[in-house]
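**Student:** Residue numbers (full-length UniProt numbering), protein chains in the order written: chain W, 1 to 99; chain Y, 1 to 507; chain L, 1 to 484; chain P, 1 to 508.
Next up is a structure, given as structure tokens.
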């Protein structure tokens with residue numbers, strides 16, 4: 001257990017974040033359907049946010065860095081609105097009748 | 001008179017070259033917006049601009065003669081400036097273009113009566129002349145290149161003007177050739193500039209002080225420049241566009257062949273050889289002989305192909321291919337006499353060729369004659385036009401007292417002086433004979449054979465054989481070509497002016 | 001008024017306009033062009049300020065740098081703001097008449113002004129996260145504007161555009177995260193000072209480059225651009241092609257020359273240049289093959305961005321004065337393209353309105369009926385080919401010059417080939433202006449549509465071709481970064 | 001008052017070439033035909049009135065022009081102007097059938113202008129201008145009728161003319177370059193490159209019909225109207241001789257080299273013309289070959305003269321020969337024209353006289369010219385005397401052939417004389433020709449005629465004898481007596497027939 005506890009939890013979070021990011025990237029690139037692409041993008045976003053949160057960690061005794069938190073919040077807002085827009089467009093695309 | 005001119009020059013100041021360029025440019029832009037139907041307004045504008053330009057050129061000429069310096073500089077980017085400068089060589093070309101523009105404008109007004117898109121046509125027509133004058137007055141290679149490209153742009157619509165598939169195809173071909181050429185020229189100029197710094201035209205050249213290790217690059221640059229300029233000057237094998245471009249309306253062909261495009265290429269070659277490289281330095285580099293050989297080949301080749309054309313304008317076009325290379329030939333032969341021959345032919349060829357195209361246009365417009373084989377007996381129906389054509393044709397052959405004789409004379413003398421008579425003289429002889437072979441039968445048909453019926457007679461003979469605005473331009477230019485030859489030794493004649501230029505080119 | 005206020009105004013004016021346009025829908029158009037005009041005025045003012053008083057730095061809301069939103073205006077930024085404001089102004093004037101009697105009219109203006117806001121904010125952003133936010137704002141508003149086309153193709157293009165934009169932003173955000181992790185700051189200047197050559201830095205650089213390359217449609221990541229740009233309404237297409245991709249390019253320049261300067265080796269620069277070269281060739285070739293005018297214009301954008309990237313390898317080896325000249329030429333090229341391409345799209349919009357289609361083969365009659373519009377296309381074409389007089393000509397001149405000076409002659413070949421292809425596609429279009437097709441009855445085009453297009457085209461050609469000398473002195477006030 | 005001014009000024013000199021030029025441009029059809037002879041007047045007056053050495057500098061014309069009269073020029077101008085004047089007079093009423101009168105007039109005047117100009121030209125530019133103007137404009141005179149023959153003739157003439165002009169141009173350029181001037185006065189005493197001399201010689205050699213370069217001559221003469229043939233043969237081809245004298249510096253090494261060739265080529269030409277002329281049947285073509293032959297003699301003399309610049313006797317001989325041949329050949333051609341129109345016997349008689357003049361029977365210009373030639377032969381070239389003797393013989397034979405061809409022509413067309421020609425000769429035709437014939441017969445008496453020598457006459461007599469033999473009708477066996485009887489019978493028969501006709505006329 002020594003070995004395991006020696007692993008920095010921050011490092012783990014970062015790794016997980018990057019992993020999610022990679023999966024999301026992979027998914028965005030590969031999937032043809034736009035809903036899936038949007039989901040993949042959100043997964044990517046989650047990965048980035050996770051990494052950012054991990055970065056904010058400044059040790060057990062210090063409060064976490066507020067800046068990344070602020071970034072994550074902003075990022076989430078952006079991601080949500082972008083996703084909303086994307087979904088609206090997808091809806092409109094479904095409804096569109098021309099061609 | 002002198003006082004008036006003094007006042008004028010004072011008022012116009014050093015910017016005179018700029019005004020000369022702008023005089024047609026601005027009017028060109030205005031004409032675009034003139035209603036198609038306002039014939040009178042457009043005509044007034046056209047003629048006004050042409051006359052004003054000619055007057056301004058006159059003032060400039062007067063000033064240059066009295067030793068005034070005209071220079072307009074405009075920095076467009078670091079280390080890159082536009083420079084308009086009036087020197088003896090540019091004056092020769094500017095005067096030619098301003099004069100012939102006036103004549104051609106009159107002709108074009110008569111020619112395009114009742115045809116569509118006249119505002120567009122005359123707009124571009126004016127732009128085309130602005131570009132020509134601009135490149136004549138260009139004081140450095142950068143400026144030259146800019147106007148050179150501008151010229152291509154302004155002439156494209158003129159070539160395509162008729163809008164037929166053939167015209168558009170020809171225009172496309174024209175563009176393909178000239179833009180490729182222009183691009184190569186651009187590349188060469190930038191390259192040269194990166195080696196030699198500012199490329200101001202200086203009589204006697206600017207490159208001879210460069211170290212020897214740059215020489216091979218200079219040779220390549222020369223090649224690129226000649227290719228770039230040779231496209232417009234229609235050096236074989238870069239001439240392919242020219243015979244096709246004759247689908248354009250006759251005034252355009254006249255302008256293209258005599259003043260604007262082809263001449264711009266030739267003028268550029270003269271500039272590059274004399275005022276950039278310096279003819280003596282070019283000789284040291286060993287680039288003159290290949291240039292001369294290309295020119296010689298072009299002369300013979302163009303004349304030979306002209307023999308086989310039945311279409312009149314096409315025959316004239318091939319004749320241009322051949323004739324313009326006289327200028328190049330004169331440039332490529334080292335020695336003042338050849339230089340005189342080349343430079344003076346710049347003017348002479350312009351006068352003669354514009355006459356021929358005007359006449360060809362008259363035949364087409366008046367009687368619907370497009371082919372040599374339809375010209376039987378046309379001399380009787382259109383004596384003045386045919387007389388003008390005859391004079392032009394005789395001049396092309398080099399018969400005195402036409403201007404062409406003077407050019408050939410000096411080319412021959414120059415070849416002798418340079419010790420290259422052995423290959424130049426046969427070229428001159430062959431070309432004269434070929435010229436005779438493709439022009440004299442036309443004259444024979446026109447004067448000696450009985451007339452058939454005309455293919456399509458649009459304009460009935462009344463007081464004159466055709467519309468006055470069509471008739472007088474060729475008569476005037478033919479007279480000028482005659483006078484330029486007959487009174488070649490008069491002060492201010494093209495020949496004297498060419499000798500003045502030459503005296504300054506050889507240090 | 002406080003000089004630094006100009007920095008704020010160029011961002012807040014269009015934002016204000018966007019809000020007002022949302023509220024007073026019936027006056028949206030007026031609000032739109034008035035605020036664009038005011039913004040343009042402020043942009044001039046900003047440039048004047050920067051020119052007179054040097055670089056302007058501003059921390060919004062009094063927060064210290066590193067924490068709050070910081071704005072940073074140097075010569076380059078001011079020039080870009082001016083560019084975007086002018087194009088936006090032109091398009092706004094045009095759009096008034098263009099959207100007349102159309103349903104999207106009301107939707108257009110808020111989004112449009114938001115786009116302008118995003119652009120200016122992006123150019124003036126002083127920290128990297130701020131850039132991210134503006135990038136997203138830009139992507140979203142641009143995508144929404146594209147979707148105004150309402151047809152299926154437009155919607156699909158908008159969606160793809162959005163996804164690509166998001167993807168690029170994500171890559172960029174990841175890079176920021178890495179940088180923040182390493183250096184604890186998001187301020188560009190501070191990062192630039194602290195940057196080390198290590199794997200983390202490399203990773204950040206590559207992620208950012210990838211993200212921005214996607215956004216600026218650098219070959220081979222250009223696939224999304226042609227459909228998006230060709231299906232949007234005319235003013236939107238104009239802004240997308242002229243400005244939005246330019247924003248990404250601007251970021252690349254900033255990052256490359258200022259933030260990541262120690263990492264940008266000539267090898268990397270050459271790799272980037274090679275992509276640019278391929279973009280030039282492929283873009284021009286595709287433009288030549290394009291059946292539709294707007295598609296042609298869009299592919300031409302791909303090529304033109306390629307040229308911009310081709311400056312990088314040359315800038316990497318040049319030094320001193322020559323480098324400054326070349327840098328200025330690159331900016332000039334970007335400006336020239338912005339004005340020319342917006343003019344082209346606006347003109348294409350007019351043709352599309354009157355012909356009902358933009359199939360090049362069948363445009364003959366319409367082009368003859370609309371001489372001024374055709375003239376605009378010709379002028380824009382001149383700038384696209386890089387003929388004199390135009391900013392692009394000068395740009396190409398310096399590009400050639402640098403290629404010869406540094407001995408990298410292969411760029412010359414690319415440039416020659418690209419220019420020839422450009423000539424071919426431009427005149428393939430213009431050739432139809434001389435056709436014999438029965439001329440359509442001459443329509444009356446609103447002057448407010450033709451004049452802005454003409455003005456932009458003239459700006460790209462005569463304006464930048466003959467009067468761009470001051471650009472270099474403006475750029476002399478540019479930033480901290482490596483020798484700019 | 002005015003007269004001295006006119007004379008003092010080289011006014012006439014300018015007028016001589018310019019007046020025809022002006023007439024060519026302005027004349028209208030009503031009085032147009034009278035312009036033809038009038039146009040040559042100033043030149044003629046100038047030749048008589050202006051002193052040798054008159055010259056006028058026109059430095060602003062062409063390459064710097066100078067027109068003037070030297071001794072040679074004066075003679076040439078006289079010869080030229082007189083023939084043009086009379087041929088012009090002849091043409092006033094003698095328009096060639098089927099041609100455009102307007103065109104004929106214009107080209108006639110242009111040719112005249114060129115011809116005069118080249119005579120008075122003292123610089124290469126003017127000479128070449130005159131040469132080219134004359135050469136090209138003459139095409140318009142030759143190709144008058146639109147028949148296949150004339151077109152072909154015109155074409156051939158034109159091709160050779162242009163070729164000659166181009167070669168001369170090359171030679172002139174070469175010469176001017178070598179001496180650094182375009183003035184003929186500068187040529188004297190200079191040395192020229194051999195190539196220049198050869199080019200000039202070839203260019204002018206076409207005009208003087210050197211053997212091999214002569215193709216155009218008989219063809220063109222055959223096709224041209226009589227007045228034009230007269231001018232071509234009489235004066236225009238002489239331009240070549242003048243050109244050689246002008247361009248080549250006499251006595252210079254390269255000239256001498258070429259001049260020797262000219263002597264031999266001339267000799268060859270003198271016989272070549274006769275040999276091939278003897279096989280012709282058309283009178284004008286025979287005359288044309290005679291011209292070629294005579295030009296051979298002239299070339300020979302020119303060759304000699306170019307070797308000995310200071311030899312005044314030789315120069316005199318050459319000029320006399322030029323004048324002699326020009327006028328008599330002109331008279332012959334004009335006479336042939338009249339003969340073809342009238343077919344009259346007495347015209348044939350005059351033509352025979354003219355042929356005798358050409359041959360050089362005593363008391364004629366022929367005798368004068370040939371005598372002076374013989375007297376002037378340089379010591380080194382005495383052996384040429386034999387050649388000249390043979391040439392006289394040959395000429396006699398050719399003239400015999402000529403007379404025979406006229407005879408034959410009459411016989412062929414005789415029955416239908418009135419049908420053959422639509423027009424009878426006009427008054428001015430007669431007048432022009434008559435004055436010329438008078439002049440031809442009279443002018444030698446202005447000079448000291450050579451002393452009669454049997455040696456000089458011997459080739460003529462021999463030739464006439466041979467002609468007589470050839471022309472005699474078949475002689476029946478039993479020769480003279482039978483012939484006498486036959487003639488008597490024919491005479492008797494003729495008288496009977498005449499009386500028969502007469503009687504019928506009376507009975508009507």
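Even glycine gets a Cβ: it sits at the ideal position worked out from N, Cα and C.
1. Would you mind telling me which residues of chain L sit closer than 8 Å to residue 120 of chain Y, beta carbon to beta carbon, in chain order?
2. Check whether the segment 119 to 132 of chain L touches the segment 145 to 165 of chain L, taking contact to mean three or more Cβ pairs, one atom from each stretch, closer than 8 Å.
3. With 16 other CB atoms within 10 Å as the buried threshold, where does residue 63 of chain W fall?
4. With a threshold of 8 Å, are at least 3 pairs of Cβ atoms found where one atom belongs to the segment 62 to 70 of chain Y and the other to the segment 205 to 219 of chain Y?
5. Would you report the Cα separation of residue 321 of chain L and residue 141 of chain Y, rounded to the nearest angstrom?
6. With 16 other CB atoms within 10 Å as the buried threshold, where does residue 123 of chain P fall?
7. Does DSSP put residue 290 of chain P in a helix, a strand or coil?
8. Which residue wins for smallest C-alpha separation from residue 112 of chain Y, given the options Y:452, Y:361, Y:22, Y:198?
9. Quick one, which of Y:165, Y:208, Y:276, Y:169 has its alpha-carbon nearest residue 189 of chain Y's?
10. Tell me the DSSP bridge mates of residue 169 of chain L?
11. Which runs of the alpha helix (DSSP H) fall wholly inside the segment 391 to 474 of chain P and span at least 4 residues, in chain order?
12. What residue does the beta strand (DSSP E) around residue 361 of chain L start on, and which one ends it?
13. Note down, in chain order, all residues in the segment 13 to 37 of chain P with a beta-carbon under 8 Å from any beta-carbon belonging to chain Y.
14. Given a cut-off of 7 Å, decide if residue 101 of chain Y and residue 56 of chain Y are closer than it, judged by their beta-carbon atoms.
15. With C-beta atoms as the reference, is residue 539 of chain L less than 7 Å away from residue 85 of chain L?
16. Return helix, strand or coil for residue 278 of chain P, following the three-state DSSP convention.
17. Mapping the DSSP letters down to three states, classify residue 82 of chain W as helix, strand or coil.
18. For residue 80 of chain Y, list the residues DSSP reports as bridge partners.
19. Taking 7 Å as the threshold (beta carbon to beta carbon), is residue 490 of chain Y in contact with chain P?
20. With a 10 Å radius around its C-beta and 16 neighbouring C-beta atoms as the bar for buried, classify residue 114 of chain Y as buried or exposed.
21. According to DSSP, simplified to helix, strand and coil, what is residue 4 of chain L?
22. In chain order, what residues of the same chain lie with their CB nearer than 7 Å to the CB of residue 226 of chain P, ignoring the 5 residues before and after it?
23. Could you tell me which chain L residues have their CB closer than 8 Å to the CB of residue 79 of chain Y, listed as they occur along the chain?
24. On the DSSP letters alone, give me the boundaries of the beta strand (DSSP E) that residue 55 of chain P sits inside.
25. Step through the CB atoms of chain W and report whether any lies within less than 7 Å of the CB of residue 555 of chain L.
26. Are the beta-carbon atoms of residue 511 of chain P and residue 237 of chain P separated by less than 7 Å?
27. Can residue 359 of chain P and residue 399 of chain P be called in contact, C-beta distance under 7 Å?
28. Name the chain Y residues that come within less than 9 Å of residue 136 of chain P, Cβ to Cβ?
29. Buried or exposed: which applies to residue 119 of chain P, given that a residue is buried once 16 or more other Cβ atoms fall within 10 Å of its Cβ?
30. Return the chain-ordered ranges of every alpha helix (DSSP H) run that is complete within the segment 158 to 203 of chain Y and spans a minimum of 4 residues.
31. Tell me, please, whether the CB atom of residue 76 of chain W is closer than 7 Å to any CB atom in chain L?
**Tutor:** In terms of the structure at hand:
1. Chain L residues near residue 120 of chain Y: 371.
2. Below 8 Å, too few C-beta pairs join the segment 119 to 132 of chain L and the segment 145 to 165 of chain L to call them touching: fewer than three.
3. Classified as exposed, residue 63 of chain W has fewer than 16 neighbouring CB atoms from the shown chains inside 10 Å of its CB.
4. For the pair of segments examined, the segment 62 to 70 of chain Y was found not to touch the segment 205 to 219 of chain Y: the number of CB pairs separated by less than 8 Å stays below three.
5. Spanning the alpha carbons of residue 321 of chain L and residue 141 of chain Y requires a straight line of approximately 22 Å.
6. Residue 123 of chain P comes out buried.
7. DSSP places residue 290 of chain P in helix when its eight states are reduced to three.
8. Out of Y:452, Y:361, Y:22, Y:198, Y:361 has the C-alpha closest to the C-alpha of residue 112 of chain Y.
9. Taking only the C-alpha atoms, the option nearest residue 189 of chain Y is Y:276.
10. The partner list for residue 169 of chain L (beta bridge, DSSP) is empty, contrary to what the question assumes.
11. Segments of the alpha helix (DSSP H) lying fully in the segment 391 to 474 of chain P: 417 to 420, 427 to 442, 454 to 471.
12. It is not in any beta strand (DSSP E) - residue 361 of chain L carries neither H nor E in the DSSP assignment.
13. The segment 13 to 37 of chain P vs chain Y, Cβ under 8 Å: nothing.
14. Not in contact: residue 56 of chain Y and residue 101 of chain Y (Cβ atoms no closer than 7 Å).
15. The requested residue 539 of chain L does not occur in the structure, where chain L is confined to residues 1 to 484.
16. Residue state for residue 278 of chain P is assigned as coil, using DSSP reduced to three classes.
17. Reduced to three states, the DSSP call for residue 82 of chain W is helix.
18. Y:77, per the DSSP bridge assignment.
19. Closer than 7 Å to the CB of residue 490 of chain Y there is at least one CB belonging to chain P.
20. Looking at its Cβ environment, which holds fewer than 16 other Cβ atoms inside 10 Å, residue 114 of chain Y is exposed.
21. The answer is coil: DSSP assigns residue 4 of chain L none of H, G, I, E or B.
22. Same-chain partners within the cutoff: 333, 334, 336, 337.
23. Chain-ordered, the chain L residues with CB closer than 8 Å to the CB of residue 79 of chain Y read 325.
24. For residue 55 of chain P, the enclosing beta strand (DSSP E) has its first and last residue at 55 to 58.
25. Shown here, chain L extends from 1 to 484; a query on residue 555 of chain L therefore has no answer.
26. The structure shown does not extend to residue 511 of chain P, since chain P is modelled only from 1 through 508, so no value can be given for it.
27. Yes, they are a contact pair.
28. Going along chain Y in sequence order, the residues near residue 136 of chain P (Cβ under 9 Å) are 394, 399, 440.
29. By the neighbour-count rule (16 or more Cβ atoms within 10 Å), residue 119 of chain P is buried.
30. Those alpha helix (DSSP H) runs which fall completely within the segment 158 to 203 of chain Y and span 4+ residues are 165 to 196.
31. Interface flag for residue 76 of chain W against chain L is unset, since no Cβ pair is found closer than 7 Å.
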